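Residue numbers (the working numbering), protein chains in the order written: chain A, 1 to 115; chain B, 1001 to 1112.
Idealized CB from N, CA, C, for every residue including glycine.
Computed from a predicted model, the values in this text were never measured in an experiment.
Report on one structure; see the data block that follows.
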């Protein structure tokens, strides 16, 4: 079974530029998560999708971050314009339909450096 | 709102020592508690998942316990090795849409 795929793995941009990250979850997984992990901290949930609907985006900085999930499968996370404090690893994860036995599976992450 | 805390933030031990990492959560209405390992520059590797109906899970030298009533989980590592050096994260599953909230992490260094 293929895992969660993310691209690009690494990206360096200047502040005020834009960047987009792509995530392909495990086939059939209804729930998709985007987390931001700043160096030395735990992952923070940015947005959570159930199929192609948003169920939680309370910590997404909506003035600069946006995300969509196409046809309930792939997802993109965009940052525009980027700030220095956006330097972090962006982790995508997926999970089957909600239930007590459904663990969450992570991709390798997309590392962003804003200079 | 679920908040997850891990203590200590960093830990340095000599090789061979047994150690305990702690995880506390504020909302006891969780249905899973999961421990992850993260190596520098890498993604998250799942170690153990404890369902709410379980008290503990074991895998090799790792044992994780869950006490929902007190809002605590512990990860016990027996006979630590330098290869165990990494950051350990716990995550609590809660809410109708399976929200997964992470702790702040414990950075472990095992000294040869």
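Scanning the segment 33-78 of chain A for uninterrupted beta strand (DSSP E) segments of 3 residues or longer gives 44-50, 53-56 and 65-69, listed from N- to C-terminal end. Taken in chain order, the members of the segment 1083-1098 of chain B whose beta-carbon sits within less than 7 Å of a beta-carbon on chain A are 1089, 1097 and 1098. Residue environment for residue 95(A): buried (at least 16 other C-beta atoms within 10 angstroms of its C-beta). Per DSSP, the unbroken beta strand (DSSP E) holding residue 1056(B) starts and ends at 1056-1059. For residue 104(A), the residues of chain B that pass the 7 Å Cβ criterion are 1100, in the order they occur in the chain.
In this structure the segment 1045-1061 of chain B does not lie against the segment 18-26 of chain A, because fewer than three pairs of beta carbons, one per stretch, are closer than 8 Å. Rounded to whole angstroms, residue 63(A) and residue 41(A) show a C-alpha spacing of 23 Å.
Contacts with chain B at 9 Å (Cβ-Cβ) do not include residue 112(A).
At a beta-carbon threshold of 9 Å, the residues of chain A lying near residue 1046(B) are 103, 104, 105 and 106, ordered along the chain. Within the same chain, 15, 16, 17, 18 and 64 come within 8 Å of residue 81(A) by CB-CB distance, once the 5 residues on both sides are set aside. As DSSP reads the structure, residue 1081(B) sits in no beta bridge. In the DSSP assignment, residue 19(A) falls within the unbroken beta strand (DSSP E) covering 19-24.
With respect to the 9 Å criterion, residue 1102(B) and residue 43(A) are classified as neighbours on the basis of their beta carbons. Residue-level contact check: residue 1068(B) does not touch chain A, since none of the beta carbons of chain A fall below 9 Å from its beta carbon.
Residue pairing from DSSP places residue 1030(B) in a beta bridge opposite 1094(B). Contacts between residue 109(A) and chain B, judged by CB atoms closer than 7 Å, involve 1043 in chain order. According to the DSSP assignment, residue 11(A) belongs to the beta strand (DSSP E) that extends over 10-13.
In this structure, residue 23(A) lies away from residue 48(A), with their beta-carbon atoms at least 9 Å apart.
According to the DSSP assignment, residue 1067(B) belongs to the beta strand (DSSP E) that extends over 1062-1067. With a cutoff of 9 Å on beta-carbon distance, residue 1071(B) and residue 1026(B) are scored as near each other.
Partner residues in a beta bridge of residue 1052(B), as assigned by DSSP, do not exist.
Not one beta carbon of chain B lies nearer than 9 Å to the beta carbon of residue 115(A). With a minimum length of 3 residues, the unbroken runs of beta strand (DSSP E) contained wholly in the segment 1002-1026 of chain B fall at 1004-1007, 1010-1014 and 1019-1025. Sixteen is the threshold: when 16 or more other Cβ atoms of the shown chains lie within 10 Å of the Cβ of residue 1049(B), as they do, the residue is buried.
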